[in-house]
Structure formats: C-alpha cells, structure tokens
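Written out below as structure tokens is the structure these notes cover.
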Ligand code: RIB
Ligand code: CA
C-alpha cells in the first residue's frame with residue numbers, strides 16, 4: 040500500500056511528537072508539510088519541537104510552517120502542566136538543525152490541496168485555529184482534501200481539561216465551531232480523548248518495553264512523556280500516560296484499526312460552564328451528521344504499530360553521542 044500523503048497540523052507537545060514519529064517512520068505516511076499552532080506550547084516552541092521530532096525520525100527535509108499564535112477570540116492557554124515547560128517533558132533537547140520555512144501555516148493549508156486536489160489527508164493534533172482561519176478564507180477547503188482526521192473532543196463528555204471538554208476543542212471552541220459547521224461526516228473524522236483514555240494508555244509494562252528497546256525513537260518517546268506520566272498519576276488517574284495524538288494518527292494511517300464509530304450531528308458549546316463540550320444530537324430528528332466519531336480502536340494493533348515504528352534505528356537522539 041503506498042504511503043499516505045499527509046499534511047499535519049500540530050501544537051507539538053510530547054504526544055504530538057510521537058504522532059510525528061508514526062507519520063514519518065512507520066512507512067505508512069508521506070508527510071508533505073507540517074503546520075504548527077499555539078496550544079500545548081507557544082507556536083514557536085511547537086515548531087521547534089516538530090523539527091526535533093522529525094529529525095529524530097531521520098527527516099530533516101519536511102517543511103514546517105509557523106501558524107496562529109493564539110485562539111481566534113480567547114486568551115492563549117498552554118498545557119505545560121501536562122507536557123512540561125518545553126512541551127517535551129523538560130528534557131532540555133538541543134535546537135534542531137532545520138528551521139521553519141517561509142509562508143504562514145494557514146497559507147500552506149490552503150495551497151497544498153489546491154496543488155494536489157483530493158490527494159492529501161489532513162491530520163490535526165491541536166486546537167483548530169489554523170484550520171478555522173483557512174476555512175474563513177476558503178469555505179470549500181475540506182472538499183479539496185482526501186480526508187480530514189482530527190484529534191478532538193470527547194464523545195462521552197468525559198473531559199481532560201474540564202469535566203466535559205477535551206483540550207484541543209476547549210482551547211479554541213470558536214475555531215472548533217467553524218470546523219464542525221463546515222464538516223461533512225463522509226469527509227471529517229474525529230478521534231476523541233475518550234478513545235485515547237480507553238485504547239492508548241501506556242501502562243508501566245509498555246513504558247518498561249520502551250526503555251528495554253533502547254533505540255533512539257523508543258528512548259525519545261519514553262523520555263519526553265515523563266511529565267504526562269506524572270499528570271496521569273496525579274490528575275487523570277489513568278494506569279499510565281495516554282497518547283491521544285498518536286492514536287489519532289494511527290487511525291489516519293490505518294483506518295482498519297477502528298473497531299467502533301458513529302456518525303452524528305455535533306455542535307460545540309462556547310458557554311462558559313460547558314466551554315468546548317460536544318453537543319451531540321443522536322435524535323431521529325437530528326440534522327444530517329457532520330462528523331464521524333471514532334469510539335473505539337484496536338489497542339493491540341495501535342501498540343504494535345507504535346512499537347514496530349520506534350524499534351527502528353532512526354537517527355541518533357538529538358544531543359546524544361551517536362549510538363554504536
Ligand atoms: O486533549 C489532548 C490534546 O491536547 C492532544 O492533542 C495534546 O497534545 C493536547 O494538545
Ligand atoms: Ca496536540
């Protein structure tokens with residue numbers, strides 16, 4: 040099966056970084072460009088972390104573009120309490136060799152599918168600010184992509200950043216509302232935090248396996264997620280750190296991993312108390328579905344893809360002496 044041509048929008052925290060490894064080094068993805076946006080960390084840090092992650096996967100040739108530095112209306116809100124001040128587990132990784140390319144991320148999101156109509160898959164791993172801005176310029180944007188996968192929302196209304204909301208939708212609910220109003224369930228698939236919490240938790244045994252693998256990408260994955268492990272222990276109470284962006288990326292790379300999904304009409308709450316909550320209308324009288332919501336994923340299949348990918352030699356870890 041030919042590798043999937045991808046555009047990836049990211050706020051490169053530690054889980055985004057692992058999703059970039061999957062896209063760049065699994066053999067299933069063909070990353071044409073990465074666009075960055077404020078979210079977990081400021082947009083400049085997101086770009087730095089994306090370049091470091093791609094370099095760890097042995098790819099220094101992929102264009103990375105800087106995007107929106109904050110939400111459409113609201114104050115920027117980071118997630119350094121989850122991912123560390125640097126977004127990468129406070130691992131103090133050295134600067135990447137490559138630099139971001141010229142051209143705003145929103146312009147890239149518009150121009151790439153115009154040059155390659157129907158060919159590119161867009162995977163979003165962040166607040167939807169860049170995507171919404173592109174939609175305001177080109178309301179038909181989604182028709183120009185082959186498919187759009189978003190790590191976004193929580194279909195069971197169990198949130199991570201609030202009792203009912205997932206961070207990417209909560210951070211910029213107005214952007215998420217623009218996206219859902221432009222979406223069609225045949226074209227746009229959301230993989231929510233409910234899926235990550237159930238099917239992408241890295242247990243202590245999984246974490247030990249990464250350490251025992253000892254390859255550059257396995258070590259990188261383990262090290263950068265150590266603050267998320269603390270967040271899991273102290274806040275979410277999960278059995279280990281979960282990987283929302285990697286499981287969303289795995290679904291985009293191999294939709295056969297989906298074991299349960301639904302099509303529904305989804306709106307986004309922008310009210311204070313329920314900011315970022317999905318308002319899912321499952322009534323018979325509901326409007327036509329605008330999203331496909333993935334509900335469960337084959338956990339074993341996802342973890343096989345993850346471990347097979349990071350087991351590869353890859354490039355020496357940034358800052359480490361070359362292995363050997
Ligand atoms: O809620 C999880 C999402 O928020 C992930 O994309 C994570 O990187 C953070 O951005
Ligand atoms: Ca993210």
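In my numbering, the protein residues as written are 40 to 363.
Beta carbons: idealized from backbone N, C-alpha and C, even for Gly.
- For residue 259 and residue 349, the gap between their C-alpha atoms comes out near 9 angstroms.
- Rounded to whole angstroms, residue 298 and residue 225 show a C-alpha spacing of 17 angstroms.
- In this structure, residue 232 has its beta carbon less than 6 angstroms from a heavy atom of ligand 1.
- When DSSP states are grouped into helix, strand and coil, residue 234 belongs to the helix group.
- Residue 76 carries a coil assignment under DSSP once its states are collapsed to helix, strand and coil.
- In the three-state reduction of the DSSP assignment, residue 288 falls in the helix class, which pools H, G and I.
- In terms of Cβ geometry, residue 166 and residue 207 form a close pair [threshold 7 angstroms].
- If you check the CB distance, residue 251 and residue 232 do not come in under 7 angstroms.
- Cβ-Cβ distances below 7 angstroms link residue 341 to 238, 239, 286, 289, 296 in the same chain, with the five nearest sequence neighbours on each side left out; the list follows chain order.
- In this structure, ligand 2 has no non-hydrogen atom nearer than 6 angstroms to the beta-carbon of residue 48.
- Per the Cβ contact rule, the segment 180-192 is not in contact with the segment 139-146 (fewer than 3 Cβ pairs under 8 angstroms).
- If you check the CB distance, residue 64 and residue 96 come in under 7 angstroms.
- The DSSP-derived three-state label of residue 279 is coil.
- If you draw a straight line from the Cα of residue 85 to the Cα of residue 325, it comes to about 38 angstroms.
- Take residue 156, set aside five residues on each side of it, and the residues of its chain with a beta-carbon closer than 6 angstroms to its own are 183, in chain order.
- Taking the Cα positions, residue 291 is about 15 angstroms away from residue 71.
- Per the coordinates, the alpha-carbon of residue 216 lies some 42 angstroms from the alpha-carbon of residue 253.
- Considering only 294, 330, 115, the residue with the shortest C-alpha distance to residue 307 is 330.
- According to the DSSP assignment, residue 94 belongs to the alpha helix (DSSP H) that extends over 82-95.
- If only uninterrupted beta strand (DSSP E) runs of at least 3 residues are considered, those enclosed by the segment 206-261 are 227-230.
- In the DSSP assignment, residue 145 falls within the unbroken alpha helix (DSSP H) covering 144-154.
- Assigned with DSSP and collapsed to three states, residue 340 falls in helix.
- When 284, 47, 212 are compared, the shortest CA-CA separation from residue 314 is found for 212.
- Proximity of the beta carbon of residue 146 to ligand 1 is not indicated: no heavy atom of the ligand is located closer than 6 angstroms.
- Rounded to the nearest whole angstrom, the C-alpha separation of residue 345 and residue 269 is 21 angstroms.
- If you look at residue 103, you'll find it in the beta strand (DSSP E) that goes 103-105.
- Annotation: residue 309 is outside any beta strand (DSSP E) and is labelled neither H nor E by DSSP.
- Taken from the Cβ of residue 97, every heavy atom of ligand 2 lies 6 angstroms or farther away.
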